[in-house]
Amino acid sequence: MPLKKKPLRLSLLQRRLIKASLHITLLGYLFWLFYAGVNDNLGPDPVNTLINETGIWAIHLLLTTLLLSPLARWLPSPEPLQFRRMIGVYSFVYAFAHLFTYVFFEIQLDLALVASEIVSRPYIVVGMTALLLLLALTATSFKRVQRKMGKRWQKLHNTVYLILPLTLLHFSWSQKTFWQEPVWYWLIGIGVLTPRFKKWINQYKQKQVRKKRTTLA
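Position one of the sequence shown corresponds to residue 20 (this note's numbering), numbered consecutively onward.
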(Lines of atoms letter the chains of each structure in order from A and count residues from 1; the text may use other names and numbers.)
(Lines give C-alpha, C1' and ligand atoms only; values in the text may rest on other atoms or scores of the structure.)
Protein backbone atom coordinates (compact mmCIF):
# COMPACT_ATOMS: atom_id res chain seq x y z
CA MET A 1 0.00 0.00 0.00
CA PRO A 2 1.49 3.40 -0.98
CA LEU A 3 2.63 5.59 1.89
CA LYS A 4 1.31 8.76 0.22
CA LYS A 5 -1.27 9.48 -2.46
CA LYS A 6 0.79 12.30 -3.93
CA PRO A 7 4.07 11.08 -5.48
CA LEU A 8 7.29 12.30 -3.89
CA ARG A 9 9.34 14.51 -6.21
CA LEU A 10 12.95 15.63 -5.90
CA SER A 11 14.40 18.65 -7.59
CA LEU A 12 17.41 18.33 -9.90
CA LEU A 13 19.58 19.91 -7.18
CA GLN A 14 18.36 17.43 -4.57
CA ARG A 15 19.10 14.45 -6.84
CA ARG A 16 22.57 15.77 -7.56
CA LEU A 17 23.27 16.31 -3.86
CA ILE A 18 22.13 12.78 -3.01
CA LYS A 19 24.27 11.32 -5.79
CA ALA A 20 27.28 13.38 -4.72
CA SER A 21 26.82 12.20 -1.12
CA LEU A 22 26.65 8.58 -2.27
CA HIS A 23 29.80 8.96 -4.38
CA ILE A 24 31.71 10.55 -1.51
CA THR A 25 30.52 7.95 1.02
CA LEU A 26 31.01 4.82 -1.07
CA LEU A 27 34.29 5.81 -2.72
CA GLY A 28 35.55 7.35 0.50
CA TYR A 29 34.90 4.20 2.52
CA LEU A 30 36.56 2.00 -0.10
CA PHE A 31 39.67 4.22 -0.23
CA TRP A 32 39.78 4.35 3.56
CA LEU A 33 39.64 0.55 3.78
CA PHE A 34 42.63 0.11 1.51
CA TYR A 35 44.53 2.99 3.12
CA ALA A 36 43.95 1.53 6.57
CA GLY A 37 44.89 -1.92 5.31
CA VAL A 38 48.17 -0.74 3.78
CA ASN A 39 49.00 1.07 7.01
CA ASP A 40 48.14 -2.02 9.09
CA ASN A 41 45.19 -0.35 10.82
CA LEU A 42 42.58 -3.04 10.17
CA GLY A 43 43.34 -5.36 13.07
CA PRO A 44 45.58 -8.42 13.29
CA ASP A 45 44.61 -9.70 9.80
CA PRO A 46 44.08 -6.67 7.53
CA VAL A 47 43.79 -8.74 4.33
CA ASN A 48 40.99 -10.85 5.78
CA THR A 49 39.23 -7.70 7.00
CA LEU A 50 39.52 -6.15 3.54
CA ILE A 51 38.10 -9.28 1.91
CA ASN A 52 35.20 -9.47 4.36
CA GLU A 53 34.33 -5.75 4.28
CA THR A 54 34.38 -5.39 0.49
CA GLY A 55 32.35 -8.59 0.11
CA ILE A 56 29.75 -7.62 2.71
CA TRP A 57 29.34 -4.14 1.23
CA ALA A 58 28.93 -5.59 -2.25
CA ILE A 59 25.99 -7.59 -0.85
CA HIS A 60 24.58 -4.54 0.97
CA LEU A 61 24.64 -2.49 -2.22
CA LEU A 62 23.16 -5.31 -4.31
CA LEU A 63 20.26 -5.66 -1.86
CA THR A 64 19.80 -1.90 -1.82
CA THR A 65 19.58 -1.89 -5.62
CA LEU A 66 16.83 -4.51 -5.52
CA LEU A 67 14.96 -2.73 -2.73
CA LEU A 68 14.68 0.54 -4.68
CA SER A 69 11.85 -0.71 -6.93
CA PRO A 70 9.60 -1.76 -4.00
CA LEU A 71 10.48 1.54 -2.30
CA ALA A 72 9.40 3.45 -5.42
CA ARG A 73 6.01 1.71 -5.32
CA TRP A 74 5.62 2.20 -1.58
CA LEU A 75 6.31 5.96 -1.52
CA PRO A 76 4.93 6.14 -4.36
CA SER A 77 7.61 7.88 -6.41
CA PRO A 78 9.93 7.15 -9.33
CA GLU A 79 12.73 9.01 -7.54
CA PRO A 80 14.44 5.97 -5.91
CA LEU A 81 14.90 4.50 -9.39
CA GLN A 82 17.13 7.47 -10.26
CA PHE A 83 19.82 5.98 -8.00
CA ARG A 84 19.48 2.32 -8.95
CA ARG A 85 22.10 2.27 -11.69
CA MET A 86 24.69 4.12 -9.62
CA ILE A 87 24.30 1.87 -6.59
CA GLY A 88 24.35 -1.20 -8.84
CA VAL A 89 27.65 -0.06 -10.35
CA TYR A 90 29.10 0.42 -6.88
CA SER A 91 28.01 -3.11 -6.00
CA PHE A 92 30.23 -4.30 -8.85
CA VAL A 93 33.08 -2.00 -7.74
CA TYR A 94 33.04 -3.45 -4.23
CA ALA A 95 32.73 -7.00 -5.58
CA PHE A 96 35.73 -6.38 -7.85
CA ALA A 97 37.68 -4.93 -4.90
CA HIS A 98 36.78 -8.12 -3.02
CA LEU A 99 38.29 -10.26 -5.79
CA PHE A 100 41.26 -7.92 -6.23
CA THR A 101 42.13 -8.18 -2.54
CA TYR A 102 41.91 -11.96 -2.61
CA VAL A 103 44.02 -12.40 -5.77
CA PHE A 104 46.68 -9.74 -5.11
CA PHE A 105 47.05 -9.85 -1.33
CA GLU A 106 45.76 -13.24 -0.17
CA ILE A 107 47.23 -15.56 -2.83
CA GLN A 108 49.65 -12.96 -4.31
CA LEU A 109 49.01 -13.82 -7.99
CA ASP A 110 50.13 -17.43 -7.54
CA LEU A 111 48.38 -19.03 -10.55
CA ALA A 112 49.04 -22.58 -9.34
CA LEU A 113 47.44 -21.68 -6.02
CA VAL A 114 44.47 -20.14 -7.86
CA ALA A 115 43.83 -23.45 -9.64
CA SER A 116 44.06 -25.45 -6.41
CA GLU A 117 41.80 -22.96 -4.61
CA ILE A 118 39.13 -23.32 -7.30
CA VAL A 119 39.24 -27.11 -6.96
CA SER A 120 39.23 -27.14 -3.15
CA ARG A 121 36.83 -24.20 -2.73
CA PRO A 122 33.98 -24.37 -5.27
CA TYR A 123 32.33 -21.31 -3.73
CA ILE A 124 34.98 -19.27 -5.58
CA VAL A 125 33.44 -20.41 -8.88
CA VAL A 126 30.01 -19.35 -7.62
CA GLY A 127 31.38 -15.94 -6.63
CA MET A 128 33.16 -15.50 -9.97
CA THR A 129 29.94 -16.34 -11.83
CA ALA A 130 28.09 -13.66 -9.88
CA LEU A 131 30.90 -11.16 -10.50
CA LEU A 132 30.94 -11.80 -14.27
CA LEU A 133 27.18 -11.30 -14.42
CA LEU A 134 27.56 -8.07 -12.44
CA LEU A 135 30.23 -6.98 -14.91
CA ALA A 136 27.82 -7.61 -17.80
CA LEU A 137 25.12 -5.53 -16.08
CA THR A 138 27.58 -2.72 -15.33
CA ALA A 139 28.94 -2.64 -18.88
CA THR A 140 25.40 -2.43 -20.30
CA SER A 141 23.96 -0.01 -17.74
CA PHE A 142 24.34 3.05 -19.96
CA LYS A 143 21.25 4.42 -21.71
CA ARG A 144 22.94 4.35 -25.11
CA VAL A 145 23.64 0.62 -24.76
CA GLN A 146 20.11 0.06 -23.44
CA ARG A 147 18.62 1.62 -26.58
CA LYS A 148 20.81 -0.50 -28.86
CA MET A 149 20.02 -3.75 -27.06
CA GLY A 150 16.25 -3.20 -26.98
CA LYS A 151 14.32 -6.08 -25.39
CA ARG A 152 17.53 -8.07 -24.81
CA TRP A 153 18.64 -5.43 -22.30
CA GLN A 154 15.77 -6.20 -19.91
CA LYS A 155 16.37 -9.95 -20.20
CA LEU A 156 20.04 -9.47 -19.36
CA HIS A 157 19.32 -7.18 -16.42
CA ASN A 158 16.78 -9.63 -15.01
CA THR A 159 19.80 -11.81 -14.20
CA VAL A 160 20.23 -9.60 -11.13
CA TYR A 161 17.64 -11.93 -9.56
CA LEU A 162 20.09 -14.78 -10.17
CA ILE A 163 23.11 -12.79 -9.02
CA LEU A 164 21.64 -12.27 -5.55
CA PRO A 165 21.23 -15.97 -4.62
CA LEU A 166 24.62 -16.76 -6.19
CA THR A 167 26.21 -14.02 -4.08
CA LEU A 168 24.49 -15.22 -0.92
CA LEU A 169 25.49 -18.81 -1.67
CA HIS A 170 29.11 -17.68 -2.12
CA PHE A 171 28.96 -15.80 1.17
CA SER A 172 27.33 -18.63 3.12
CA TRP A 173 29.65 -21.25 1.67
CA SER A 174 32.73 -19.16 2.49
CA GLN A 175 31.45 -18.78 6.07
CA LYS A 176 30.88 -22.56 6.21
CA THR A 177 27.35 -22.03 7.52
CA PHE A 178 23.94 -20.81 6.42
CA TRP A 179 23.15 -19.76 9.99
CA GLN A 180 24.40 -16.92 12.17
CA GLU A 181 25.16 -13.91 9.93
CA PRO A 182 24.26 -15.44 6.51
CA VAL A 183 20.72 -16.39 7.52
CA TRP A 184 19.74 -12.73 7.93
CA TYR A 185 20.90 -11.92 4.43
CA TRP A 186 18.97 -14.91 3.06
CA LEU A 187 15.79 -13.76 4.82
CA ILE A 188 16.13 -10.28 3.32
CA GLY A 189 16.97 -11.80 -0.07
CA ILE A 190 13.91 -14.07 0.00
CA GLY A 191 11.76 -11.08 0.96
CA VAL A 192 13.13 -9.14 -2.02
CA LEU A 193 12.79 -11.99 -4.53
CA THR A 194 9.38 -13.39 -3.54
CA PRO A 195 7.25 -10.60 -5.14
CA ARG A 196 9.31 -10.89 -8.34
CA PHE A 197 8.81 -14.66 -8.51
CA LYS A 198 5.07 -14.22 -7.92
CA LYS A 199 4.94 -11.72 -10.78
CA TRP A 200 6.77 -14.14 -13.10
CA ILE A 201 4.41 -16.97 -12.15
CA ASN A 202 1.37 -14.78 -12.85
CA GLN A 203 2.83 -13.69 -16.19
CA TYR A 204 3.47 -17.33 -17.10
CA LYS A 205 -0.11 -18.29 -16.20
CA GLN A 206 -1.47 -15.43 -18.29
CA LYS A 207 0.60 -16.55 -21.27
CA GLN A 208 -0.71 -20.09 -20.89
CA VAL A 209 -4.30 -18.80 -20.80
CA ARG A 210 -3.72 -16.73 -23.95
CA LYS A 211 -2.20 -19.76 -25.72
CA LYS A 212 -5.25 -21.87 -24.85
CA ARG A 213 -7.60 -19.19 -26.11
CA THR A 214 -5.63 -18.93 -29.36
CA THR A 215 -5.69 -22.72 -29.78
CA LEU A 216 -9.46 -22.90 -29.15
CA ALA A 217 -10.11 -20.04 -31.55
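All C-beta atoms in this analysis are idealised placements derived from N, C-alpha and C, irrespective of residue type, glycine included.
Computed from a predicted structure; not experimentally measured.
8 Å contact criterion, which residue i and residue j should meet: CB distance rounded
i: Leu-52; j: Leu-80; result: Actually they do not touch by this definition, with Cβ atoms about 14 Å apart.
i: Glu-125; j: Val-66; result: 6 Å
i: Leu-85; j: Leu-156; result: Not a contact, Cβ separation roughly 12 Å.
i: Thr-148; j: Leu-185; result: 6 Å
i: Ala-114; j: Leu-153; result: 6 Å
i: Ile-207; j: Leu-82; result: 6 Å
i: Tyr-142; j: Trp-192; result: 3 Å
i: Leu-61; j: Ala-55; result: 5 Å
i: Phe-111; j: Ile-37; result: At roughly 20 Å, the Cβ-Cβ gap does not stay under 8 Å, so Phe-111 and Ile-37 are not in contact.
i: Phe-190; j: Ile-78; result: 6 Å
Cα-Cα separation between residue i and residue j, rounded to whole angstroms
i: Leu-29; j: Val-57; result: 40 Å
i: Ala-91; j: Ser-135; result: 45 Å
i: Leu-49; j: Gln-227; result: 48 Å
i: Trp-198; j: Leu-41; result: 31 Å
i: Arg-171; j: Lys-162; result: 13 Å
i: Pro-63; j: Gln-127; result: 19 Å
i: Thr-120; j: Glu-72; result: 11 Å
i: Ile-75; j: Pro-26; result: 33 Å
i: Tyr-180; j: Ala-39; result: 28 Å
i: Leu-150; j: Glu-98; result: 27 Å
i: Gln-173; j: Lys-195; result: 34 Å
i: Arg-140; j: Leu-188; result: 13 Å
i: Thr-44; j: Ser-160; result: 21 Å
i: Asp-129; j: Tyr-223; result: 48 Å
i: Met-168; j: Val-108; result: 19 Å
i: Asp-59; j: Val-122; result: 19 Å
i: Val-211; j: Trp-219; result: 14 Å
i: Leu-132; j: Phe-216; result: 39 Å
i: Val-144; j: Leu-175; result: 20 Å
i: Arg-35; j: Gln-225; result: 41 Å
Coil, strand or helix - residue i by DSSP
i: Lys-226; result: helix
i: Val-29; result: One point to set straight first is that residue 29 is Leu, not Val, in the sequence displayed. Coil at Leu-29, not helix or strand.
i: Ile-209; result: helix
i: Trp-198; result: coil
i: Gly-169; result: coil
i: Asn-177; result: coil
i: Ile-182; result: helix
i: Leu-10; result: Outside the displayed span of the chain (20 to 236) sits residue 10, for which this structure offers no information.
i: Thr-159; result: coil
Curious, which full-length beta strand (DSSP E) runs of at least 3 residues does the segment 132-157 contain?
-> Entirely contained in the segment 132-157, not one beta strand (DSSP E) run reaches 3 residues.
Can you check the segment 55-98 for any alpha helix (DSSP H) of at least 4 residues that lies completely inside it and give the ranges in chain order?
-> Here the runs fully enclosed are 65-93.
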